[in-house]
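J.: Structure provided below as structure tokens; questions to follow.
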Amino acid sequence: MVILPSTFTGSPRHVHEYAQDAMTYVRAYGRPDFFITFTCNPAWDEIKELLLTGQSPSDRHDISARVFKQKLKSLIDFIVKHHVFGETRCWMYSTEWQKRGLPHAHILIWMMEKITPNRIDEIISAEIPDIEIDKDLHDIVSKNMIHGPCGSLNNNSLCMPDGKCTKRYPRDLLAKTIKGNDGYSLYQRRSTEDGGKSITLKVLNNTIDVDNRWVVPYSPLLLKTYNARINVEYCNSVKAIKYICKYLNKGSDVAVFGVENTTASNEEVTQYQLGRYISSNEAVWRILSFSIHERYPTVVHLAVHLENGQRVYFTSENVRARAMSPPPTTLTEFFTLCRNDTIAKTLLYSEVPTYFTWNTSTKNFQRRKQGRAVQGHLNLYSTDALGRLYTVHPNNAE
Numbered sequence: 001m002v003i004l005p006s007t008f009t010g011s012p013r014h015v016h017e018y019a020q021d022a023m024t025y026v027r028a029y030g031r032p033d034f035f036i037t038f039t040c041n042p043a044w045d046e047i048k049e050l051l052l053t054g055q056s057p058s059d060r061h062d063i064s065a066r067v068f069k070q071k072l073k074s075l076i077d078f079i080v081k082h083h084v085f086g087e088t089r090c091w092m093y094s095t096e097w098q099k100r101g102l103p104h105a106h107i108l109i110w111m112m113e114k115i116t117p118n119r120i121d122e123i124i125s126a127e128i129p130d131i132e133i134d135k136d137l138h139d140i141v142s143k144n145m146i147h148g149p150c151g152s153l154n155n156n157s158l159c160m161p162d163g164k165c166t167k168r169y170p171r172d173l174l175a176k177t178i179k180g181n182d183g184y185s186l187y188q189r190r191s192t193e194d195g196g197k198s199i200t201l202k203v204l205n206n207t208i209d210v211d212n213r214w215v216v217p218y219s220p221l222l223l224k225t226y227n228a229r230i231n232v233e234y235c236n237s238v239k240a241i242k243y244i245c246k247y248l249n250k251g252s253d254v255a256v257f258g259v260e261n262t263t264a265s266n267e268e269v270t271q272y273q274l275g276r277y278i279s280s281n282e283a284v285w286r287i288l289s290f291s292i293h294e295r296y297p298t299v300v301h302l303a304v305h306l307e308n309g310q311r312v313y314f315t316s317e318n319v320r321a322r323a324m325s326p327p328p329t330t331l332t333e334f335f336t337l338c339r340n341d342t343i344a345k346t347l348l349y350s351e352v353p354t355y356f357t358w359n360t361s362t363k364n365f366q367r368r369k370q371g372r373a374v375q376g377h378l379n380l381y382s383t384d385a386l387g388r389l390y391t392v393h394p395n396n397a398e
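Counting from 1, one number per residue, gives the positions in the sequence shown under UniProt numbering.
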């Protein structure tokens, strides 16, 4: 059996670990406040200015990748460092590509102070802006934030594989924002009779009027700052969190293939290579060594095993010595730490990384030397780092 380890970015084990890390944030801080999807805009001036005569953005994935990476970093800094929605506690994002599309990032944001429902309308809008009040925002929304239209207006829309919109459009018109039952809010979408606006679009050579039912929720501030498709959703329940965390870290596209030799050994690397689909957009991103996932704070993975059940790596020459003297793990050293450090005795295993760092060379925990000083304890510092145990498979009943 050949294993494709979690250290390989994009492997099933890597994706699983990041999904569990996202749930660690949920365990520590509850539901995230915002779920943001940021899509590259090929009409950005930074992209068009670098194209040669006769080229389009689809010809220069390297330019699109570099510009989107800079825009994504700027967006994260705008939210996290400039506190445009308030002070943030933690965040994570995952970049992905559709087979035919440009890169887009799914972002989860946890705020220091939870966003209350009465603040939603201050941050998120699902309506067409008044062109007389803000023409720039009106133009951006009209170009980037209108879904479809689909349904009876366009039966050939890609969001209707089974004759029904997978994104649940058109949405219901509402006079005010209310709490939904699926983890998302139902945003204010006023009818034209109630003060809502509409725009005229051309679909399949037909001119149609589109109202607020077709608007993808957005933040006016982010939209005007980055001129792109930026879907902003408020998470008001934990019901959708596991889905969001798994969706955020669902990994690369795969292709369908048949297994001809059913007696072959379980070789994960070959299986991954056979099933993996990677677009030219993603290939350029990886060649440029750009991160696919980023997050803050760090999540430290902690070993969990039975006595003398830690993983041991050995060769034919040292198998006996390694079996007689298995290496220390974070779990065995946690017990040692509790015997020698009075503070450690008061901590849960998962709380140790907040105050202690794991030294990979000496294989032991050491007090952090930087961070926030803990009052009443000399030479004790805390950080935002979180700890989580490795997932225990249900087959391991003990």
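Don't be surprised by glycine CBs; every beta carbon is placed ideally from N, CA and C. These figures come from a predicted structure and were not determined experimentally.
Could you check if Q188 is buried or exposed, using at least 16 other CB atoms within 10 Å of its CB as the buried criterion?
T.: On the sequence shown, position 188 is the one that residue 188 refers to. Buried, since its Cβ has 16 or more Cβ neighbours within 10 Å.
J.: Pick helix, strand or coil for M23, following the three-state DSSP scheme.
T.: Taking the first residue of the sequence shown as 1, we reach residue 23 at position 23. DSSP places M23 in helix when its eight states are reduced to three.
J.: Do H293 and S94 have their C-beta atoms within less than 8 Å of each other?
T.: Position 293 of the sequence shown, counting from 1, holds the residue named residue 293. Position 94 of the sequence shown, counting from 1, holds the residue named residue 94. Cβ atoms of H293 and S94: closer than 8 Å.
J.: Output the residue ranges of the alpha helix (DSSP H) runs that lie fully inside the UniProt domain "Helitron helicase-like" (1-109) and measure 4 residues or longer, sorted by chain position.
T.: For the UniProt domain "Helitron helicase-like" (1-109), whole alpha helix (DSSP H) runs of length 4 or above, ordered along the chain, are 12-29, 45-48, 61-80.
J.: Between which two residues does the alpha helix (DSSP H) containing I123 stretch?
T.: For the purposes of this step, residue 123 is taken as the residue at position 123 of the sequence shown. Per DSSP, I123 belongs to the alpha helix (DSSP H) from 120-123.
J.: What residue from R213, P161, M324, Y25 has the CA that sits closest to R295's CA?
T.: As a position in the sequence shown, residue 295 is number 295, starting the count at 1. Measuring from the Cα of R295, the nearest candidate turns out to be Y25.
J.: Is I120 near F34, with beta carbons less than 8 Å apart?
T.: Taking the first residue of the sequence shown as 1, we reach residue 120 at position 120. Taking the first residue of the sequence shown as 1, we reach residue 34 at position 34. Contact flag unset, no.
J.: Report yes or no: do three or more beta-carbon pairs, one from the region 212-228 and one from the region 119-135, lie closer than 8 Å?
T.: Segments in contact, yes.
J.: Determine the extent of the alpha helix (DSSP H) in which F334 is found, giving its start and end residues.
T.: Taking the first residue of the sequence shown as position 1, residue 334 is located at position 334. Counting along the chain, the alpha helix (DSSP H) containing F334 begins and ends at 330-340.
J.: Write down the C-beta distance between T342 and A303 rounded to the nearest angstrom, noting that I regard them as a contact closer than 8 Å.
T.: Residue 342 sits at position 342 when you count from the first residue of the sequence shown. Residue 303 sits at position 303 when you count from the first residue of the sequence shown. In fact, because the Cβ distance is near 23 Å, the residues do not count as touching under 8 Å.
J.: Give the single residue among T7, M1, S11, S6 whose Cα lies nearest to the Cα of Q273.
T.: Mapped onto the sequence shown, residue 273 falls at position 273. The candidate whose alpha carbon is nearest that of Q273 is S11.
J.: Which ranges does the beta strand (DSSP E) cover as unbroken runs of at least 3 residues, wholly within the region 175-205, from first to last along the chain?
T.: Within the region 175-205, the complete beta strand (DSSP E) runs of at least 3 residues are 199-203.
J.: Check whether the Cβ atoms of G387 and P353 sit closer than 8 Å, and answer yes or no.
T.: For the purposes of this step, residue 387 is taken as the residue at position 387 of the sequence shown. For the purposes of this step, residue 353 is taken as the residue at position 353 of the sequence shown. Yes. Within cutoff.
J.: Under the three-state reduction of DSSP, which class applies to R320: helix, strand or coil?
T.: Counting from one through the sequence shown, the residue named residue 320 turns up at place 320. Looking at R320 - three-state DSSP - the assignment turns out to be helix.
J.: R286: buried (16+ other C-beta within 10 angstroms of its C-beta) or exposed?
T.: Counting from 1 along the sequence shown, the entry for residue 286 is found at position 286. By the 10 Å Cβ count, R286 comes out exposed.
J.: If the criterion is Cβ atoms closer than 8 Å, does the pair L223 and L347 meet it?
T.: As a working note, residue 223 is residue 223 in the sequence shown. As a working note, residue 347 is residue 347 in the sequence shown. Contact: no.
J.: With a threshold of 6 Å on Cβ separation, who are the neighbours of T298 within its own chain once the five nearest residues in sequence on each side are excluded?
T.: As a working note, residue 298 is residue 298 in the sequence shown. Here the set comprises A385.
J.: Between which residues of its own chain and Y313 is the CB-CB distance below 8 Å, once the five residues before and five after are set aside?
T.: In the sequence shown, counting from the first residue as 1, residue 313 sits at position 313. Answer for Y313: R322, listed in chain order.
J.: Considering Cα atoms alone, identify which of V141, T88, C40 is closest to Y29.
T.: Counting from 1 along the sequence shown, the entry for residue 29 is found at position 29. Among V141, T88, C40, the Cα nearest to that of Y29 belongs to T88.
J.: Tell me whether G101 is buried or exposed, calling it buried when 16 or more other Cβ atoms sit within 10 Å of its Cβ.
T.: In the sequence shown, residue 101 corresponds to position 101, counting from 1. G101 is exposed by the Cβ-count criterion.
J.: How about N359 and Q366: are their beta carbons less than 8 Å apart?
T.: Counting from 1 along the sequence shown, the entry for residue 359 is found at position 359. Counting from 1 along the sequence shown, the entry for residue 366 is found at position 366. The answer is yes: Cβ separation under 8 Å.
J.: DSSP on G151, reduced to helix/strand/coil?
T.: Position 151 of the sequence shown, counting from 1, holds the residue named residue 151. The answer is helix: DSSP assigns G151 an H, G or I state.
J.: Less than 7 Å between the CB of Q188 and some heavy atom of the ligand PLP, yes or no?
T.: The model depicted lacks the ligand PLP and carries no ligand whatsoever.
J.: Please state if the CB of F85 and the CB of I79 are separated by a distance shorter than 8 Å.
T.: Reading the sequence shown from its first residue, position 79 is the one you call residue 79. Reading the sequence shown from its first residue, position 85 is the one you call residue 85. Cβ atoms of I79 and F85: closer than 8 Å.
J.: In the DSSP assignment, what are the bridge partners of G376?
T.: If you number the sequence shown from 1, residue 376 lands on position 376. Looking at the DSSP assignment, G376 forms no beta bridge with any residue, so it has no partner.
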